[in-house]
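What follows is a short report on a single structure.
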Amino acid sequence: MQATQPNSGTAKATTDGNIKRYRVADDFRDYSVMFEVDHNILTPELGLQINQFWTNHESRADEEDDDHVRAVIRMAGELCIGLMLESGWDVDFAISQLNQGKNWSEKFRDQEGWGAEDGSPYGRCGIRVIAATVERPGFDSLSLEEVADV
């Protein structure tokens, strides 16, 4: 799973230079979640605090060249993709579908360690979901084979 900052022609939701967009995508499946991150909220200090709340924080930071903010954004992507798969539904919405983004943002920030809501679109962690494509595997994408007893 990687966190990248997309360089699309999509208009920004705000003109604040500390608000940036990132896409977290699964390297092996066609899953992706796009976030908007308010770096006035998700500072390096808060990134360190959120990352250290969970086990294996050192390895996540190492994967992102000791950038705890990027590690936290990537971890948020992992969590959101998991929540979307657990929903049992295909999740596919664009930036323009604000209610979907708001609903998924609140679901993910309601999880332990993410700070919940504070009246801001970014919650206490500084992250909001703005688009996603997470589809369950379909019948046609699965295969069946008989295996010998072990």
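The number in the numbering used here is simply the position in the sequence shown, starting from 1, with 2 added.
Just so it is clear, CB atoms sit at the ideal spot from N, CA and C, and this is done for glycine as well.
Query, Result
"Backbone secondary structure at E38 - three-state DSSP", "strand"
"Local conformation of A15 per DSSP, three classes", "Confidence at A15 is low in this model, with a pLDDT of 48, below 50, so its placement is unreliable and no value can be given for it."
"Distance between F141 and L44 (C-alpha atoms, nearest Å)", "40 Å"
"Contact under 7 Å by Cβ, R126 with G117", "yes"
"Cut-off 7 Å between Cβ atoms - residues of its own chain near I52, not counting five sequence neighbours on either side", "V74, G115, C127"
"Rounded C-alpha distance that separates Q102 from A150", "45 Å"
"Closest residue to Q113 among N20, V35, C82 (Cα-Cα distance)", "C82"
"Exposure of S98, with buried meaning 16 or more beta-carbon neighbours within 10 Å", "exposed"
"Segment limits, beta strand (DSSP E) that includes A150", "Counting along the chain, A150 falls outside any beta strand (DSSP E), and DSSP gives it neither H nor E."
"With 16 other Cβ atoms within 10 Å as the buried cut-off, status of G49", "buried"
"E60 versus R76: straight-line alpha-carbon distance, rounded", "14 Å"
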